[in-house]
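S.K.:
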Amino acid sequence: MNYHYPLDDSWSKQEIIDVVHFFSLVEQAYEKQVDRDKLLAAYRKFKQIVPAKSEEKAYFREFEHASGYAGFPVVKKARNTEQQTVKMS
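So for the sequence shown, the working numbering puts the first residue at 460; every next one is plus one.
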């Protein structure tokens, strides 16, 4: 991993940890697989920190540009599946 997570300087230490955790689960969905419930719980925390849809899209774009991993399709797949794990192929 040779990139940085999109972060905001105004976030608290715990908020940074929560956002990094969410983006690491997005990575895991592409590289291996991720537990659906853990991903959705991390996304809910992310949305508490970044409630505005426009900001969410901006952070997702920045993350995708840096990593090559798109966050929205992972969240969408997690919401729409009954399976316990999410894997992006």
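Just so it is clear, CB atoms sit at the ideal spot from N, CA and C, and this is done for glycine as well. Please read all numbers here as calculations on a predicted model, not as lab measurements.
Quick one: which unbroken beta strand (DSSP E) runs of 3-plus residues sit fully inside the stretch 467 to 543? Chain order, please.
M.R.: Qualifying beta strand (DSSP E) stretches: none in this window.
S.K.: Rounded to whole angstroms, what is the Cα-Cα separation between H463 and F482?
M.R.: Whole-angstrom Cα-Cα distance: 11 Å.
S.K.: Taking Q473 as the reference, give the member of A537, L499, K497, I508 with the closest Cα.
M.R.: With distances taken between Cα atoms, Q473 lies closest to I508.
S.K.: Check whether the stretch 530 to 539 and the stretch 496 to 508 touch, using three or more Cβ-Cβ pairs below 8 Å as the test.
M.R.: Flag = yes, the stretch 530 to 539 and the stretch 496 to 508 touch.
S.K.: F531: buried (16+ other C-beta within 10 angstroms of its C-beta) or exposed?
M.R.: With fewer than 16 other Cβ atoms within 10 Å, it is exposed.
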